[in-house]
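Residue numbers (the numbering used here), protein chains in the order written: chain V, 552 to 770; chain R, -12 to 612. Glycine is no exception: its CB is placed at the ideal position from the N, C-alpha and C atoms.
Pasting the structure below:
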């Protein structure tokens, strides 16, 4: 047994008209590149071997018991790793909206979206990664702040356009809202003072412009 | 409320009642929730209640089953589903088969669905009854078989209390069903059951599970059954695409036109769509040979000139060879399972792929394709056939000659074809081909899992759609006998043969008694090699002959059958095979043939897991005896 895919199957008709699948994709039918008779074809491209990047999916779902469980169970079972998941009601009484961020290549995330579509309670799924969107996240940070450092910490909160929600002897609670990277920056900035607690909502995302993903499913 | 781990218990607060005061054992006593829990508990303990012939939830279940055309269902009673059994007597049109184990019930519903194309129904009680159904539900999911599984659950007030026979079956079936429901209110039952049947059979079929609390089964209700339109309107998230995109069809037609070495790969989806005639019409017009998957057995009569055979891990060498050299694969209703492709990197290296499937998630999942088409196999074929030019077979002469030569070589070189089996020893492929021959290829053949499954698919000679039943995706051993039970009830006009190894048979032979009690005429061909044959084959070839647990003791199957009251026959030599089969055919009712086959026959060719279609093993030193 060898790894040579030709060990059983010959090149079609012995004429060597085979073509590499990777070279073919996108090529117009009929312009099939010629192959040397004896050359082994390159390996078939696997789906999902592309570059990993962060994707954002918006899912509009029916507000039924267990729908969050269905979504999270599916992502686990299909081996997708969720970075964050935010769920809330929408203006329609029986419809909820999920914002899911996950890492993967384009094909894998497309597969995740298609799998989500298979759920009966899912009305619409959209990958908004390459669209123009607004993405906001809210974080509450309980920062160690003694009398000596309180001033500095308050200044940092102010400069980061955060708000102070609570002040205590040893700490303050600050709220920051903004794109995920802003929240990351703020957290990194105050880490040196000591973070006692941190909670983040995960991103909620909406596309810019007048188009509406929810209107598309309005009943 | 804050729950903290690791802190020591606090002393009782001063407001707690003194020990002298009479203590209630009911948590939160005095609240309405606690009262409901108590009432439900009493209800559980006192099953006997006066017969109440107002319409209750259990009636709704029976009415709904009849409305859906389910004339038979497979079930096992238990505490919380007893309200249903209390009313079953009032619905004589509903045939209830009392199985001996819920797994058998689920497989029977599955077998029924596969041969009829209708939705199969199985039921069980809560707890162990429900968990016993799970293997059968998983089998149906992986093979996209429409079944509805109904379980009772503890009264709704007891849910979450770890009540007797309570398990979170809804949570268990959630990832292994197309959809599932928990019903706590009888008023929801008509809608839920109608939705369940609609979901199970529409689009890509699959199992749906309905869990019904005992109080919902007992609750009086006047809720009406919804119309089909109401069901569809109530499921805004379930709108399968049945018709293909016209642009994609044009692209596919162009691919077909360009192809010099095309091959059709047909799967289970063609059977689901009942599109076997459309497939043959398409293949004849385009003059493209048809290869089929394991579950696609029966999509085309194997004697049809364009039928090329069974592909994949244990498929025919000539078929895999043709796939490896094809320049176009027209895949329809199949999902490029790893048993079909082997190593994807080396799969069909010269081929462009047109992939037709009703489930968009299947396209591009395992193999990248050039032309994706989402739609029902039948509708796609009917739309595409007029768009393609009729092909003159003469233009494919060179291709066809090569295919024919490969086929001759591969079939002639196989054990079966060469007849090289040691003289006087009973080989499984011979038995299977005799069963095919003596039943005139017109029976329903139900496979178990392992070597027997591969022998059946390879050597029976299938002519008719839905005549082959096999657990392909989940590979559930013990499937054959119970699935044949359902298949025999679904298609009483055909003989039903359950083909099983001694391993799978020993997993579920309790259903023999069901066959006897309900006089279900299943003919069991038991292939006894006193081994877990496929395990032994893998251990021989891949694990250097380290035969751990491959040897399997079995009972005297003639005595076993006698104990069940089943006429049984035995064959140990090739010349006894025909007589045994004919004797079994003459039995009116269930029967068993014990074939003592050669102990160490392998299924060849074989593609080792992880290897490619071109890496078939066809022989093994010293293996074939």
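Asked                                                                                                                                                                                                                 : Found
Which bits of chain R does residue 628 of chain V rub up against, with CB to CB less than 7 angstroms?                                                                                                                : 162
Tell me whether the beta-carbon of residue 182 of chain R lies closer than 8 angstroms to the beta-carbon of residue 218 of chain R.                                                                                  : yes
Span of the alpha helix (DSSP H) holding residue 469 of chain R?                                                                                                                                                      : 467 to 477
Measuring alpha carbon to alpha carbon, tell me which of R:390, R:367 and R:344 ends up nearest residue 292 of chain R.                                                                                               : R:390
Can you look up residue 112 of chain R in the DSSP assignment and give me helix, strand or coil?                                                                                                                      : coil
Counting contacts by CB-CB distance shorter than 8 angstroms, is residue 695 of chain V in contact with chain R?                                                                                                      : no
Contact defined as beta carbons within less than 8 angstroms: I believe residue 450 of chain R pairs with residue 288 of chain R. What is the distance between those atoms, to the nearest angstrom?                  : 5 angstroms
Given that residue 677 of chain V touches chain R, what residues does it touch there, using C-beta distances under 8 angstroms?                                                                                       : Residues of chain R passing the Cβ test: none, with the nearest at roughly 14 angstroms.
Any C-beta of chain R within less than 8 angstroms: which residues of the region 655 to 679 of chain V qualify?                                                                                                       : 658, 661, 662, 665, 666, 668, 669, 670, 671, 672, 673 and 674
Which one of V:600, V:645, V:749 and V:674 has the shortest CA to CA distance from residue 614 of chain V?                                                                                                            : V:645
Are residue 128 of chain R and residue 177 of chain R close, meaning C-beta to C-beta below 8 angstroms?                                                                                                              : no
Which value, in whole angstroms, describes the spacing of the CA atoms of residue 728 of chain V and residue 690 of chain V?                                                                                          : 6 angstroms
Going by DSSP, what residues sit across from residue 297 of chain R in a beta bridge?                                                                                                                                 : R:279
As an exercise, report each continuous alpha helix (DSSP H) stretch of at least 4 residues that is fully enclosed by the region 169 to 247 of chain R, in chain order.                                                : 176 to 188, 201 to 205, 215 to 220 and 233 to 245
Going straight from the alpha carbon of residue 22 of chain R to that of residue 15 of chain R, what length do you get?                                                                                               : 9 angstroms
Between residue 166 of chain R and chain V, is the shortest Cβ-Cβ distance under 8 angstroms, so that the two count as touching?                                                                                      : yes
Starting from the C-beta of residue -4 of chain R, find all residues in its chain whose C-beta is less than 7 angstroms away, skip the five residues before and the five after it, and write them out in chain order. : Here residue -4 of chain R scores only 48 on pLDDT, less than 50, and its place in the model should not be relied on; the value that follows carries that caveat. Closer than 7 angstroms at Cβ, skipping near neighbours: no residue.
Apply the 10 Å Cβ neighbour rule to residue 46 of chain R and answer buried if 16 or more other Cβ atoms are within range, or exposed otherwise.                                                                      : buried
Considering only the alpha carbon of each residue, which of V:736, V:749 and V:732 lies closest to residue 725 of chain V?                                                                                            : V:749
Using C-beta distances below 8 angstroms, list every residue in its chain close to residue 569 of chain R, excluding the 5 sequence neighbours before and after it, in chain order.                                   : 425
Using beta-carbon positions only, say whether residue 586 of chain R and residue 516 of chain R come within less than 8 angstroms of one another.                                                                     : yes
Looking at the strands, I want to know which residues DSSP matches up with residue 432 of chain R.                                                                                                                    : R:455 and R:484
Could you list the residues in the region 603 to 622 of chain V with a C-beta less than 8 angstroms from some C-beta on chain R, going in chain order?                                                                : 612, 613, 616, 617, 620 and 621
To test your reading of the DSSP string, which unbroken beta strand (DSSP E) runs of 3 or more residues are found completely within the region 503 to 563 of chain R?                                                 : 509 to 515 and 555 to 558
Candidates R:394, R:483, R:286 and R:414: which alpha carbon is nearest residue 310 of chain R's?                                                                                                                     : R:394
Could you tell me whether any Cβ in chain R is nearer than 8 angstroms to the Cβ of residue 644 of chain V?                                                                                                           : no
Any idea what DSSP makes of residue 646 of chain V, helix, strand or coil?                                                                                                                                            : strand
Quick check on the burial criterion: 16 or more other C-beta atoms within 10 angstroms. Buried or exposed for residue 308 of chain R?                                                                                 : buried
So residue 370 of chain R is in the beta strand (DSSP E); what residue range does that whole segment cover?                                                                                                           : Per DSSP, residue 370 of chain R belongs to no beta strand (DSSP E); it is in the alpha helix (DSSP H), 364 to 371.
State buried or exposed for residue 478 of chain R, treating a residue as buried only when at least 16 other CB atoms are found within 10 Å of its CB.                                                                : buried
Short of 7 angstroms in beta carbon distance, which residues of its chain neighbour residue 611 of chain V, apart from the five on each side in sequence? Order them along the chain.                                 : 646, 648, 674, 675, 764, 765 and 768
If residue 504 of chain R sits next to residue 358 of chain R, beta carbons under 8 angstroms apart, how far is it from one beta carbon to the other, in whole angstroms?                                             : Not confirmed; about 52 angstroms, so no contact.
If the cut is a Cβ gap below 9 angstroms, which residues of chain R does residue 624 of chain V touch?                                                                                                                : 158, 161 and 162
Assuming residue 204 of chain R contacts residue 79 of chain R under a Cβ cut-off of 8 angstroms, what Cβ separation, rounded to an integer in Å, is found between them?                                              : Residue 204 of chain R to residue 79 of chain R, Cβ: 20 angstroms. No contact.
What did DSSP end up calling residue 729 of chain V once you bin it into helix, strand or coil?                                                                                                                       : strand
Over the uninterrupted beta strand (DSSP E) stretch that includes residue 303 of chain R, give me the two end residues.                                                                                               : First-last for residue 303 of chain R: undefined, no H or E at that position.
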